[in-house]
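Input: a single structure, listed below in C-alpha cells.
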Amino acid sequence: MVDRGRLTASCPSILSSSKSSYRVMGSSSERKGGAILFFISFFSLELCTAIDTIASSQSIRDPETLISVGGNFRLGFFSPGNFKNRYVGIWYNIDSEPTPTIIWVANRENPLIDSSGVLTIADDGNIVVLDGRNNILWSTNVSNIARNSSAMLLDSGNLVLREENSTARFLWQSFDHPTDSFLPEMKIGVNLRTGEKKQLTSWKSDSDPSTGTFSAGISLLNIPQVFIWKGSIPQWRSGPWNNRTFIGIPDDYSVYLNGFNIIRDNPEGSLYVTYNESFAKFVLNSQGILVQTNWDVETKEWVTAWLSPRTVCDAYGKCGPFGSCEAGNSQICSCLRGFEPKSIEEWSKGNWRNGCVRRTQLQCERNNGSRKVGEQDGFFKLEMMKVPDSANWLSAEDVVECEKQCLRNCSCVAFAYDSGIGCMSWSGNLIDTQKFSKAGVDLHIRVAYSELGRKKKEKKKLKFDRLEAYKETSNDSMAEENKNHREGLEIPFFNFENMVIATDNFDGANKLGQGGFGPVYKNSASTVEAEMCLRISMRHDMK
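Residues in the sequence shown are numbered from 1 upward in steps of one, following the UniProt record's numbering.
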C-alpha cells in the first residue's frame, strides 16, 4: 500500500510539521508530543488559504476535510440523517453545520460502515476511498496516468485529478460524474457522436445516497429540451429551448435570470446545458422533482425558487395522445380541437391515458383523388400552449411559410412558430400538451374543413337557443301579465299608499326615466318590490 503522508498545503512549514507528527508512533511521550503537534498543525491548516489539495501518496482521514481556496466548498466524510454509514462527499462550506447540503458523493454505492475511512492518492495515481482494512471502496479509475498526480477541490465544487504543478488539463473531474446536484459551471448533456451522457441521478432516499430511480438530462432528439425520467420512462420535460429559455416552463423567469444556456460544442460533438448563478443549485430529489434553491445571505438558508413537476398537469403525457391538460379546471383533461375521447367510459372515470382520436377524417387522408374547392384541411389555433413532445424543425422564415409547409405534408398534424426556434412541426400522436394561463406559444392543430366552422355553428346555435328561450319566456310573461290585467289585483301588488311611501310621493328625484310604458321610479324596497312599482306605474299610465 501507499506510504500515506498528510495533506498538502501552500504553507510549507505547516506541511513539514504535519508529516513529522503523522510518523510519531514511538514512546508514550512521543505520542503525546505528536498529538499536540497534530492539533496545532491541523488548526493551522484550517487557517491556511490552500488546504484544497492532496498530493501523491498523501491522504485525509475521517473526520478531516479539504476546503476550496475561496472557502466555498468542503470535501470530507459525512453520514446522511441518523445513519452510521459514512461517505466521502462535497458540500457547501457556508452551511456545513449542523446538516451540510451535499452536492456530490464519491462512494455512493459502497459506504463505509465506520469512521475508519481514508481518501488518498494511490500508487497508480488515482484518487481512492479506503476502509480500515485498506480495501478500495471507490476509485477515479483512470488508466495510464502519471504517478505524480494530485487531487484538488476547486472553488466551483469540482474535485479534479491532475498532474502535479499542471493546471492545463484535468485527468478526471467530479463534474463529469454528477450525482443529484447541478451547479454553476457544470455541464449536463450528451456527446452526439458517442452517445455518452452526463445526467443527474437522484438519491434512493433522503438518507441513502445510492443511485435512485430518477435521472435528469437533455434529450437526444431534435430540438433540445430537459427531461426527468423514471428508469427510461419520461416523467416531465421542459419544452424546447429557444436560445433564451425553455418554452414549456410557464414561470421560467428564474431560469432565464440565472443565465441558463445550451451550447453545441462542434469539435467535441457535445450538447450541454450550463448556468452561471453563484450560490444557486438544482437538485433532483428522491421523489423525482427538480428543485432550484438559492442561498439567502440574510437568513443563511437555502430558499426554494422553482421546482417541477409541480402540478398534476406537469406529469408527462397526463391526458394521453391528442389530449390537453389545464391545471385548475374541474376536469383537467380535454381533447384538442377536432378530436374526441377514445373511450367515453374511461374518460368519464378520469382515466385519460388512452387520450383522444380524430373526430373527422382529414381530406388529405381520404385518397379519393378529388378535392372540392374550399373544403381542404385547415388549422385551428390554440393559444398559450406547451407544445407537444418530439417536435421536428422546418426551415421557414415566418409563421405563414411554416403553415404552408405543414399543409403540403399530409403527415403533418400540427405546427408552431417561435422566433427563437423557428418552425416546429409534428407528425403522429401529439403527446404532453398543456394549456397555460400565461407564456406558452400558439399551437396550430390540423383539422378537417368541417371542424373549422364548428365553433361558429355552435355559437350560432347557442344564440338561437337563447333567443328561443327568451321569446318563450317573454310570451309566458305577457300571457301572465294579460291574465293579471283581466283579473285585477288578485296577485300581491302593492296598494297606492305603499307606492306613495316607496317613491316618496312620486318625487321627481326618484324618477329613473321615462319609457314607452310610463315612468320608472327608484325606491328603497327590494328588487321584487321595485318591479311591482314599475308594473303599477305601467298600468296607471296605460289606463
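Idealized CB from N, CA, C, for every residue including glycine.
Cβ pair residue i, residue j closer than 8 angstroms
| i | j | result |
| --- | --- | --- |
| residue 401 | residue 449 | no |
| residue 187 | residue 198 | yes |
| residue 321 | residue 430 | yes |
| residue 202 | residue 194 | no |
| residue 206 | residue 89 | no |
| residue 183 | residue 228 | no |
| residue 77 | residue 95 | no |
| residue 231 | residue 238 | no |
| residue 271 | residue 357 | no |
| residue 285 | residue 275 | no |
| residue 109 | residue 210 | yes |
| residue 250 | residue 440 | yes |
| residue 75 | residue 51 | no |
| residue 143 | residue 132 | no |
| residue 297 | residue 226 | no |
| residue 126 | residue 141 | yes |
| residue 208 | residue 316 | no |
| residue 344 | residue 312 | no |
For residue j and residue i, believed in contact at Cβ under 8 angstroms, the rounded distance
| i | j | result |
| --- | --- | --- |
| residue 159 | residue 151 | 6 angstroms |
| residue 130 | residue 120 | 7 angstroms |
| residue 154 | residue 161 | Incorrect: roughly 12 angstroms between the Cβ atoms, too far for contact. |
| residue 123 | residue 86 | That pair is no contact at about 24 angstroms. |
| residue 200 | residue 178 | 6 angstroms |
| residue 279 | residue 157 | In fact, because the Cβ distance is near 11 angstroms, the residues do not count as touching under 8 angstroms. |
| residue 451 | residue 337 | 7 angstroms |
| residue 99 | residue 92 | Rounded, the Cβ-Cβ distance is 11 angstroms, inconsistent with contact. |
| residue 385 | residue 436 | 7 angstroms |
| residue 148 | residue 56 | 5 angstroms |
| residue 387 | residue 240 | 7 angstroms |
| residue 104 | residue 174 | 5 angstroms |
Which of helix, strand or coil DSSP assigns to residue i
| i | result |
| --- | --- |
| residue 443 | strand |
| residue 105 | strand |
| residue 84 | coil |
| residue 425 | strand |
| residue 263 | strand |
| residue 161 | strand |
| residue 59 | strand |
| residue 154 | coil |
| residue 54 | strand |
| residue 547 | The structure shown does not extend to residue 547, since the chain spans only 1 to 543, so no value can be given for it. |
| residue 121 | strand |
| residue 110 | coil |
| residue 430 | coil |
| residue 75 | strand |
| residue 418 | strand |
| residue 174 | helix |
| residue 116 | coil |
| residue 90 | strand |
| residue 450 | helix |
Cutoff 8 angstroms; reference residue i; Cβ partners in own chain excluding five residues on either side
| i | result |
| --- | --- |
| residue 412 | 405, 406, 425, 426, 427 and 446 |
| residue 304 | 291, 292 and 293 |
| residue 79 | 85, 86 and 87 |
| residue 392 | 222, 424, 425, 426 and 427 |
| residue 382 | 324, 336, 337, 435, 442, 443, 444 and 445 |
Close Cβ partners of residue i (< 6 angstroms) along its chain, the five nearest in sequence each way excluded
| i | result |
| --- | --- |
| residue 242 | 418, 420 and 421 |
| residue 283 | 180, 181 and 291 |
| residue 334 | 324 |
| residue 264 | 271 |
| residue 474 | Note on residue 474: pLDDT 49, under 50, position unreliable in the model; no value is reported. |
| residue 415 | 402, 406, 425 and 444 |
| residue 300 | none |
| residue 244 | 420 |
| residue 71 | 93 |
| residue 139 | 126 and 128 |
| residue 389 | 431 and 432 |
Sequence-distant residues of the same chain with beta carbon closer than 7 angstroms to residue i, five excluded per side
| i | result |
| --- | --- |
| residue 365 | 410 |
| residue 314 | 236 and 308 |
| residue 346 | 354 |
| residue 342 | 354, 355, 356 and 357 |
8 angstroms Cβ cutoff, residue i in contact with chain B
| i | result |
| --- | --- |
| residue 262 | No chain B appears in the structure shown, which is made up of a single protein chain. |
- prompt: What are the complete alpha helix (DSSP H) segments, minimum 4 residues, inside the region 374-413?
  reply: 399-408
Beta strand (DSSP E) runs contained entirely in the region 271-349, provided each spans 3 or more residues: 280-284, 290-296, 301-308, 323-325, 333-335 and 339-341
query: Which residue spans inside the region 179-257 form an unbroken beta strand (DSSP E) run of at least 3?
result: 188-191, 200-205, 208-218, 226-230 and 233-237
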